[in-house]
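Worksheet: one structure, shown below.
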Amino acid sequence: MTRTSRRWTEWTIERALQACAAGSVLITVGIIGVLVFETVAFFREVPITDFLFGTVWTPQFSDAQFGVLPLVTGTLLVSAIAMAVALPAGLLSAIYLSEYAPARVRRVVKPVLEVLAGVPTVVYGYFALLFVTPLLQTVFPTLSSFNALSPGLVMGIMILPLVSSLSEDALHAVPTGLREGAYALGSTRMQTALRVVVPAAFSGISASFILAMSRAIGETMIVAIAAGQQPRLTGNPMSPVETMTAYIVQISMGDTPTGSIGYRTIFAVGMLLFVMTFTLNLASDWLRRRFREEYA
Amino acid sequence: MTTSLRPLVTRTSDSPGPTTPVKIGVTGLNFFYGQKQALTDLTINLHANIVTAFIGPSGCGKSTFLRTLNRMNDIIPSTRVEGRVLIDGEDIYSSSTDVVDLRRRVGMVFQKSNPFPKSIFENVAYGLRINGLARNRGEMEGRIENSLKAAAIWDEVKDRLTESAQTLSGGQQQRLCIARALAIQPEILLMDEPASALDPIATQRIEELIYQLKVDYTIVIVTHNMQQAARVSDQTAFFWLGQLVESGPTEKLFTNPAEKLTEDYVTGRFG
Amino acid sequence: MSTRASRLAGDRLLQTMSILVLALSLVALAALLYDIWSDGWYRLDWQFITSLPSRRAASAGIYPALVGSLYVLLVTAVLAVPLGIGAAVYLEEYGGGGRFARLIEINIANLAGVPSIIYGLLGLSLFVRAFQMGPSVLAGGSTLALLALPVVILSTREALRTVPMSAREGSYALGATQWQTIWHQVLPSALPGILTGLILAMSRAIGETAPLITIGALAYLDFAPSGLMSPFTVLPIQIYNWVSLPQPAFAENAAAGIIVLLVLLLTLNAVAVVLRDRFQKARQ
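Chains as they are written, first to last, in numbering that gives the first Met the number 0: chain A, 0 to 295; chain B, 0 to 270; chain C, 0 to 283.
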């Protein structure tokens with residue numbers, strides 16, 4: 000190969016690879032562009048204040064109302080239940096795996112957690128609707144067959160591996176010297192873990208919590224299957240609710256004509272969902288970077 | 000050690016130089032990693048068909064300097080070079096120099112042997128293939144055999160050419176890397192502490208090999224081992240804190256150095 | 000924590016609680032698998048795999064969904080694998096920490112956190128409507144390719160980072176160009192890691208439901224897709240459809256469908272392990 004043709008080949012390959020990388024930016028541009036375009040069209044017909052602060056969501060009724068709050072509370076209710084499971088359980092298992100567990104236990108537990116994280120969400124939905132809800136109904140007879148509690152609990156199990164592995168990474172990053180210092184002062188393992196290691200890893204652990212929250216808010220199939228499709232403004236975990244994601248699925252399963260107001264609602268709801276998760280992801284990322292700087 | 004080192008370098012020219020022509024001429028070379036200056040104002044001539052050794056304490060810049068001679072530092076981000084490095088009178092940092100052509104002419108052997116995770120045969124064949132140096136299988140095999148013979152490893156590997164290079168011992172791996180470098184017929188061979196990870200017997204074989212190779216190649220070797228420098232090299236250059244303190248015939252540098260600093264180093268008072 | 004006994008009790012308590020939590024998650028996984036197996040195993044037979052869906056649960060099968068899943072996965076792989084590996088190679092080998100590379104890195108990290116259903120909205124607007132692909136195999140595969148891309152890029156970069164610098168230097172020193180070095184040395188060395196990441200990305204894609212529902216994949220289809228522009232359904236959507244029906248017999252179909260889906264995932268992961276072993280052996 001001559002020198003010029005070699006240089007030309009190298010240049011072409013580098014540009015082609017660069018184009019692949021630049022393509023990922025186009026995805027973001029596409030997501031934001033599509034959401035903004037359809038949402039703006041939506042807000043031309045529905046005032047933004049009605050959307051954000053309205054308490055009734057009946058877009059398919061003849062006297063349609065577009066108050067998104069019931070979908071938001073439904074989402075937050077299920078996510079809060081999921082967090083109530085995933086945060087303490089995830090943190091405890093992270094502390095155990097990082098500070099206590101012998102290698103033998105880790106070898107068993109880590110793959111199990113990986114399997115839990117790899118199960119498709121539609122499977123968790125089945126589990127919530129047809130196993131957990133009937134089981135809970137034997138304890139709470141008033142629990143309706145669609146409810147926030149059961150999908151919330153199952154979602155907690157699904158998110159647990161995420162919290163556990165990210166928190167464990169954070170705990171691992173705490174320098175051994177800090178632990179040794181605590182032991183040297185006569186601390187027990189628990190005192191060392193809870194009073195020295197966990198506080199030192201606090202921002203890393205918070206980052207994992209926030210990321211878990213973002214994951215819970217964006218989770219779709221578990222709630223679409225087991226939480227119901229009744230948008231209602233309630234904090235009662237026993238009653239059916241509809242989340243933002245479940246609403247998008249509901250409309251997509253029906254035939255809503257393109258360009259109609261019903262079609263645009265899913266983009267407006269999608270936009271809100273995107274903004275919420277994006278903010279949480281940024282916050283998580285910021286905390287993680289701050290954590291890394293502390294122990295770089 | 001607060002005296003300026005700059006003027007000391009000029010004394011090098013007082014000593015009688017080698018009789019072979021200058022192969023590599025370095026003038027006013029500065030090198031930076033980001034903001035940090037690693038080499039300061041190096042000026043030295045390296046002659047053809049002799050062995051020149053670079054010595055000095057670790058971190059003195061001898062390896063960095065070696066890597067500027069085939070522009071290996073180019074692959075490290077945010078590094079910068081000032082000054083001139085001429086090979087056969089041509090500036091290797093000029094915009095018309097093709098770095099790929101340069102590295103074909105200037106072979107390199109690394110401190111830690113780094114055979115590719117392939118067969119012994121393929122390790123030597125790689126350079127021939129990418130440079131299109133063999134037109135057919137017969138020519139390829141001939142060149143590979145010659146390179147392995149030149150690196151004094153042929154007898155040990157001729158019956159196991161298809162085996163993975165990772166199965167060789169450390170010393171054999173390093174000689175394979177030398178064979179790999181010789182296969183593309185460079186003019187200059189740079190060796191960055193080639194024996195530092197080897198046992199004494201393997202080291203001795205490498206040193207004998209270097210002695211034989213200087214008939215055909217210009218060899219520059221970095222070593223932290225002063226006995227090794229004394230054994231294998233004709234010329235020696237002593238570096239300290241990114242500067243060239245003194246260079247000259249190996250024997251003179253070790254027995255009658257011009258600089259106090261060199262004397263302290265070669266007599267083991269520091270480093 | 001004054002007395003020794005109470006200190007030890009605290010330590011014991013924390014440890015017991017942790018083990019309890021881990022045991023519970025193990026139990027949950029076991030319960031899930033047992034529940035699905037006991038609901039669905041007796042519906043599993045050749046007829047179930049090769050039949051079309053039906054209004055009668057007992058004669059319904061997953062054939063169109065299974066074929067649809069494989070079609071969509073193929074399109075996803077064809078699009079996401081070269082693009083993802085290309086982007087990863089650029090960022091890891093060429094990017095050099097420049098501003099452009101930094102921008103793309105932040106972007107990819109954020110994309111990895113976008114809920115999958117949002118990708119569905121993008122696919123609906125872009126592929127189905129603007130590019131007029133309709134709710135086709137091509138639109139579905141493209142949508143999942145966007146979703147898989149960040150995963151492919153992140154895992155490929157991870158694999159490229161494990162290749163030691165000395166392998167690159169050895170190649171450069173012989174007069175290899177950057178691309179020759181990447182193609183002949185870096186990529187082969189990173190291959191086992193790259194493959195593992197690809198399989199992980201594809202496993203995720205095959206279990207995805209929400210984005211495909213959003214782009215309008217059909218819930219009921221009585222023929223298997225025959226090409227890129229065919230309408231389609233996939234296994235998770237078929238499962239979702241059956242779960243949503245009130246009759247218990249359909250729930251059993253859903254359970255059987257889940258078993259097939261999980262077996263498919265297991266097979267993919269087993270293939271990954273075998274491939275990785277074989278490559279590692281071939282290189283020794």
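Glycine included, every Cβ here is placed at the ideal spot set by N, Cα and C.
Since we're looking at a predicted model, the values are computed, not measured.
Taking a contact as a CB-CB distance under 8 Å, the pair C:Ile-103 and A:Val-24 counts as one, their CB atoms being some 6 Å apart.
In the three-state DSSP reduction, B:Ala-236 falls in the strand class (E or B). Under the 8 Å criterion on CB atoms, A:Phe-208 is classed as non-interfacial with respect to chain C. Following the DSSP letters along the chain, one finds B:Pro-248 inside the beta strand (DSSP E) bounded by residues 242-248. Shown in chain order are the members of the region 165-179 of chain C whose Cβ falls below 9 Å from a Cβ of chain B: Ser-165, Ala-166, Arg-167, Glu-168, Gly-169, Ser-170, Tyr-171, Ala-172, Leu-173, Gly-174, Ala-175, Thr-176, Gln-177, Gln-179. Interface flag for B:Pro-116 against chain C is set, since a Cβ pair is found closer than 8 Å. Judged by their CB atoms, C:Ala-27 and A:Ile-156 are nearer to each other than the 8 Å cut-off. At a cut-off of 8 Å, the C-beta of B:Val-21 has no neighbouring C-beta in chain A. In terms of beta-carbon proximity, A:Ser-166 stays away from the interface with chain C, with every pair separated by 8 Å or more. Per the Cβ contact rule, the region 142-161 of chain B is in contact with the region 181-188 of chain B (3 or more Cβ pairs under 8 Å).
In chain order, Asp-97, Val-99, Asp-100 make up the part of chain B whose C-beta sits under 9 Å from the C-beta of A:Arg-2. For C:Ala-223, the three-state secondary structure derived from DSSP is coil.
Between the region 131-144 of chain B and the region 43-58 of chain A there are fewer than three inter-stretch CB-CB distances shorter than 8 Å, so the stretches are not counted as touching. Residues of the region 105-133 of chain B with a C-beta atom less than 7 Å from some C-beta of chain C are Gly-106, Met-107, Phe-109, Lys-111, Asn-113, Phe-115, Pro-116, Tyr-125, Gly-126, Ile-129, Asn-130, listed in chain order. Per the Cβ contact rule, the region 110-119 of chain C is not in contact with the region 32-49 of chain C (fewer than 3 Cβ pairs under 8 Å).
Nearest to B:Gly-241 by alpha-carbon distance, out of B:Gly-33, B:Gly-27, B:Leu-38, is B:Leu-38. Under the 8 Å criterion on CB atoms, C:Gln-46 is classed as non-interfacial with respect to chain B.
Between the region 211-225 of chain A and the region 123-131 of chain A, the count of C-beta pairs closer than 8 Å reaches three or more; the two stretches touch.
Taking a C-beta cut-off of 7 Å against chain C, the contacting residues of the region 232-244 of chain A are Thr-244, listed in chain order. In the structure shown, B:Gly-106 adopts extended strand secondary structure according to DSSP, grouped into three states. Leaving aside the five residues that flank C:Tyr-239 on each side, the residues in its chain whose CB is nearer than 7 Å to its CB run, in chain order, Thr-208. According to DSSP, residue pairing for B:Ser-163 in a beta bridge involves B:Ser-118. Only buried fits C:Trp-241, as 16 or more other CB atoms lie within 10 angstroms of its CB. Closer than 9 Å at the C-beta level to chain A, one finds these residues of the region 15-27 of chain C: Met-16, Ser-17, Ile-18, Leu-19, Val-20, Leu-21, Leu-23, Ser-24, Leu-25, Ala-27. For the pair A:Val-131 and A:Val-153, the CB atoms are nearer than the 8 Å cut-off. Within the region 196-284 of chain A, the complete alpha helix (DSSP H) runs of at least 4 residues fall at 201-217, 220-225, 243-252. Using a CB distance cut-off of 8 Å, C:Ser-188 counts as an interface residue toward chain B. In the DSSP assignment, B:Arg-83 forms a beta bridge with B:Thr-26.
Taking all protein chains shown into account, B:Asn-255 has fewer than 16 neighbouring C-beta atoms within 10 Å of its C-beta and is therefore exposed. Note on geometry: alpha-carbon atoms of C:Pro-81 and A:Pro-110 lie some 29 Å from one another. Contact annotation: C:Pro-210 and C:Ser-135 have beta-carbon atoms that are not nearer than 8 Å.
B:Thr-67 is classed as buried because its beta carbon has at least 16 other beta carbons within 10 Å across all chains shown.
For B:Asn-44, the uninterrupted beta strand (DSSP E) run begins and ends at 35-46, by DSSP. By the rule that beta-carbons nearer than 8 Å mark a contact, A:Ile-26 touches chain C. Secondary structure note for B:Ile-49: it is in no alpha helix (DSSP H), with a DSSP letter that is neither H nor E.
By the C-beta density criterion, B:Ile-200 is exposed, having fewer than 16 other C-beta atoms within 10 angstroms.
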